[in-house]
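For reference, the structure discussed in these notes is given below.
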């Protein structure tokens, strides 16, 4: 069923990708409009080979729209997502504004698409870029045996800071590679070229960063189990695109490496790479530009008979943001939730 779509934050990095992903996945668009801030209004963007004017975000713009794909700062989302929902649209929101709202489902389609039916406020939250691939990898294992605890260290790319992060990293990397003094960081908290940064996010009162607390809370909500222990350490690494994660999963009972590999190999959204069989292992260069989550290095935790270790990689801009949002929209149409 073709639907009327609005993309909010259409000129931003994620908004730009949403346009591309909608076209690539042949989303059933009846009509589409692109909204952004006043300073971007009047610009032109391209969708499916045709130019479209960018309109300013305002209440009237949501009339007749059935699905809104929004990627704006939380403050903007808090103002306009309820307005769009009141106008009759279902909003898929990329900000953190609605993720922990009990009346807004937090959805990764491969994991909990059924929660889309519970969007009581007309808003569906798109999860954090680390939580999404983590849960894609955990779901088939959680189905084998209940997950009790997850310890994850992330290797997050510069693009997690947006276009400003990539510009900052490029300037640093160029100087570092040439043996010249590295310029002071402008987007990242510290030098990223030739370095890793553990505090590239706001530090919360509990000693964890804002990013780490998102991973804790969102993983539990997506998997539907508040008893799961989650201990993350989020780290920025000198990579342009795609986040990687070293994951140790403790289960309620032992899960064999063979059973875990078999489950991952057939799991939706997963590209499983078996280093034992063919020597392949997931890398950011594999994930960049892909909507899949790449998983490998599955092995028994030598310190715990109930735990396995694995390595997870995904494109943080696509599966970690734009593509997951579009997949949510696809499910809204497929399930007849969109009116």
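Numbering (the working numbering), first residue to last: 20 to 358. Think of the CB as a built atom: it goes at the ideal place given N, C-alpha and C, for glycine as much as any other residue. Here the structure is a predicted model, which means the values were calculated and not measured.
In or out: residue 144 buried (at least 16 other Cβ within 10 Å) or exposed? The residue labelled residue 144 in the question sits at position 125 within the chain shown. Residue environment analysis places residue 144 among the buried positions, since at least 16 neighbouring C-beta atoms fall within 10 angstroms of its C-beta.
Limits of the alpha helix (DSSP H) - the one that residue 195 falls within: Translated into the one-based positions of the chain shown, residue 195 becomes position 176. Its alpha helix (DSSP H) spans residues 181 to 196.
According to the Cβ coordinates, are residue 81 and residue 116 closer than 9 Å? The residue labelled residue 81 in the question sits at position 62 within the chain shown. The residue labelled residue 116 in the question sits at position 97 within the chain shown. The answer is no: Cβ separation not under 9 Å.
Quick one: give me the first and last residue of the beta strand (DSSP E) that residue 112 is part of. Taking the chain shown and counting its residues from 1, one reaches residue 112 at position 93. Taken as a continuous stretch (DSSP letters only), the beta strand (DSSP E) holding residue 112 covers 109 to 112.
Whose C-beta lies closer than 8 Å to the C-beta of residue 327 among residues of the same chain, with five residues either side of it excluded? In the chain shown, the residue the question calls residue 327 occupies position 308. So the list reads 160, 267, 268, 270, 274, 276, 279, 317, 318, 319 and 320, once near-sequence residues are dropped.
Determine which residues share a DSSP beta bridge with residue 222 and list them. Residue numbering aside, residue 222 sits at position 203 when the chain shown is read from its first letter. Answer by DSSP bridge pairing, in chain order: 228.
Given a cut-off of 9 Å on the beta-carbon distance, is the pair residue 256 and residue 85 in contact? For the purposes of this step, residue 256 is identified with residue 237 of the chain shown, where counting begins at 1. For the purposes of this step, residue 85 is identified with residue 66 of the chain shown, where counting begins at 1. Not a contact, by the Cβ cut-off of 9 Å.
Can you give me the Cβ contacts of residue 188 inside the same chain, cut-off strictly under 6 Å, excluding the 5 residues immediately before and after it? Walking along the chain shown from the start, residue 188 turns up at place 169. Counting only Cβ-Cβ distances below 6 Å, and skipping sequence neighbours, we find 177 and 211.
Simplified DSSP state of residue 336, which is helix, strand or coil: Along the chain shown, one-based indexing puts residue 336 at 317. Residue 336: coil per DSSP, three-state reduction.
Between residue 324 and the rest of its own chain, which residues show a CB-CB distance below 8 Å, the 5 nearest in sequence each way excluded? Position 305 of the chain shown, counted from the start, is the residue given in the question as residue 324. Within its own chain, the residues whose Cβ lies closer than 8 Å to the Cβ of residue 324, once the five positions on either side in sequence are excluded, are 273, listed in chain order.
Identified DSSP bridge partners for residue 264: Here the question's residue 264 lines up with position 245 in the chain shown. Residue pairing from DSSP places residue 264 in a beta bridge opposite 173 and 331.
Between the stretch 164 to 173 and the stretch 233 to 252, do three or more beta carbon pairs fall short of 8 Å? The stretch 164 to 173 vs the stretch 233 to 252: in contact.
Contact set for residue 132: own chain, Cβ-Cβ below 6 Å, skip 5 residues either direction: Numbered from 1 along the chain shown, position 113 holds the residue referred to as residue 132. Excluding sequence neighbours, residue 132 sits near 350.
Chain-order list of residues whose beta-carbon lies under 7 Å from that of residue 146 (same chain, five-residue window excluded): The sequence position of residue 146 within the chain shown is 127, counting from 1. 118, 125, 127, 237 and 241, listed in sequence order.
Please list, in chain order, all residues of the same chain as residue 223 whose beta carbon is under 6 Å from its beta carbon, the five residues on each side excluded. Start at 1 with the first residue of the chain shown, and residue 223 comes out as number 204. Correct list, in chain order: 229 and 232.
Reference residue 262, options 281, 289 and 312, closest by Cα: Here residue 262 corresponds to residue number 243 of the chain shown, with the count starting at 1. When each option's Cα is compared against that of residue 262, the closest is 312.
I need the boundaries of the alpha helix (DSSP H) containing residue 259, first residue and last residue. Reading the chain shown from its first residue, position 240 is the one you call residue 259. Here residue 259 belongs to no alpha helix (DSSP H), and DSSP marks it neither H nor E.
DSSP three-state assignment for residue 351, whether helix, strand or coil: Taking the first residue of the chain shown as position 1, residue 351 is located at position 332. Note: residue 351 maps to helix in three-state DSSP.
For residue 149 versus residue 335, is the C-beta spacing smaller than 9 Å? Position 130 of the chain shown, counted from the first residue, corresponds to residue 149. Position 316 of the chain shown, counted from the first residue, corresponds to residue 335. The answer is yes: Cβ separation under 9 Å.
By DSSP's criteria, residue 404 is part of a beta bridge. Which residues make up the other side? As displayed, the chain neither begins before 20 nor continues past 358, which places residue 404 out of reach and without an answer.
Helix or strand or just coil, what does DSSP make of residue 101? Position 82 of the chain shown, counted from the first residue, corresponds to residue 101. It is helical.
If you draw a straight line from the C-alpha of residue 38 to the C-alpha of residue 66, how long is it? The count along the chain shown starts at 1 and reaches residue 38 at position 19. The count along the chain shown starts at 1 and reaches residue 66 at position 47. Roughly 6 Å between the two C-alpha positions.
Taking Cβ positions, are residue 314 and residue 332 nearer each other than 9 Å? Your numbering for residue 314 matches position 295 in the chain shown. Your numbering for residue 332 matches position 313 in the chain shown. The answer is yes: Cβ separation under 9 Å.
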